[in-house]
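J.: Questions regarding the structure given below will be posed in turn.
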Amino acid sequence: MKKNKFWILSLSFLLASLVLLKPENSIAQKYDAGGGFGVATYSGDIIRRLDPNQIGLQGTLFGRRNFDNVWSLRGGLSFARLNAADSINPIDPVMAFRNAGFNGSLFEASVVMEYHFLDFTNRFAEYRFSPYGFLGLGFAGFVGKGRKFEEDPNPTGYNVGTPVIPFGIGIKYKLSEKWILAAEFGARATFTDAIDKLYGEELFIPRFPDPNNPNALKGYNYGNYSDKDWYYFLGLTISYTFSTVKCYSY
């Protein structure tokens, strides 16, 4: 049910935006492309809150169409390294005993609508900057290695694919007529609980050794089936405007 609500709200937002952004209502159409770098982290069954001690690098390339001075449509490809481990900052003593962990590479393709709160691109604008927000849809693939508990007999590689809903906030600054610098924080809601290799549907692994079966696994395997994994980007981007087509409505 929650998944359906996410898709309905996101699709409704994009469709409504495209209807409002007809060419005859635009005063200028600009195209730009750029890229950026920053950091990435995740939250799930190993990290419940953003942890600056468990971050990786991320980079992105994108193209953007600015329909007017308020709305933009951006498509991008991103890469990030994600990692987390109970041994670094465990949620509680039980998770420290579990000693799960993972690391790997994430690839994302996404399309988002951006809304700018100030008219900053006009050459006569009062401000050279503007806060903005964004919301869209995308797909992410993760390839990693990890273990689910201390004595995991199969700490091998795995891969996960999931739709994502990117959203976030940022601020842009116009360096010149052609160059724009931006700082951005974005969150990604996923539809999987498997990025950290901990699934809520898996069997319980006993926390302590079994005296009747000394060869049995132990380590307390735990995944919350009701919570999906998230990941987050924070970084700087720079873009270059390479064409402008002006049109007017009467």
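Sequential numbering from 172 applies to the sequence shown in the working numbering.
All C-beta atoms, glycine included, are put in the ideal place defined by N, C-alpha and C.
All values reported here derive from a predicted model rather than from experimental measurement.
1. For Tyr-213, write down the residues that DSSP places opposite it in a beta bridge.
2. State the start and end residues of the unbroken alpha helix (DSSP H) segment that holds Phe-238.
3. Go through the region 244-282 residue by residue and report every complete run of the alpha helix (DSSP H) that reaches 4 residues or more, in order.
4. Which residue wins for smallest C-alpha separation from Phe-278, given the options Pro-324, Tyr-402, Phe-288, Phe-413?
5. Can you list, in chain order, the residues of its chain with a C-beta nearer than 7 Å to that of Thr-363? Leave out the 5 residues immediately preceding and following it.
6. Hey, out of Asp-257, Arg-236, Gly-328, Tyr-286, whose CA is closest to Phe-313's CA?
7. Taking the Cβ atom as the reference point for each residue, do Ile-226 and Ala-256 lie within a distance shorter than 8 Å?
8. Report yes if the CB atom of Phe-305 is closer than 8 Å to the CB atom of Phe-338, and no otherwise.
9. Determine whether the beta carbon atoms of Phe-238 and Gly-247 lie at a separation below 8 Å.
10. Considering Cα atoms alone, identify which of Leu-308, Val-283, Asn-384, Lys-343 is closest to Ser-243.
T.: In short:
1. Taking the first residue of the sequence shown as position 1, residue 213 is located at position 42. Answer is Tyr-402.
2. For the purposes of this step, residue 238 is taken as residue 67 along the sequence shown, with counting starting at 1. Note, Phe-238: premise wrong, no alpha helix (DSSP H); not H, not E.
3. Those alpha helix (DSSP H) runs which fall completely within the region 244-282 and span 4+ residues are 264-269.
4. If you number the sequence shown from 1, residue 278 lands on position 107. The shortest Cα separation from Phe-278 among Pro-324, Tyr-402, Phe-288, Phe-413 belongs to Tyr-402.
5. Within the sequence shown, numbered from 1, the residue matching residue 363 stands at position 192. Excluding sequence neighbours, Thr-363 sits near Val-331, Thr-333, Lys-399, Asp-400.
6. Position 142 of the sequence shown, counted from the first residue, corresponds to residue 313. Across the set Asp-257, Arg-236, Gly-328, Tyr-286, the C-alpha of Gly-328 shows the shortest separation from the C-alpha of Phe-313.
7. For the purposes of this step, residue 226 is taken as residue 55 along the sequence shown, with counting starting at 1. For the purposes of this step, residue 256 is taken as residue 85 along the sequence shown, with counting starting at 1. The Cβ atoms of Ile-226 and Ala-256 lie no closer than 8 Å to each other.
8. What you label residue 305 is simply residue 134 of the sequence shown in a count that begins at 1. What you label residue 338 is simply residue 167 of the sequence shown in a count that begins at 1. In this structure, Phe-338 lies closer than 8 Å to Phe-305 by Cβ.
9. Locating residue 238 in the sequence shown gives position 67, where the first residue counts as 1. Locating residue 247 in the sequence shown gives position 76, where the first residue counts as 1. In this structure, Gly-247 does not lie closer than 8 Å to Phe-238 by Cβ.
10. Residue numbering aside, residue 243 sits at position 72 when the sequence shown is read from its first letter. Checking every option, the nearest Cα to that of Ser-243 belongs to Val-283.
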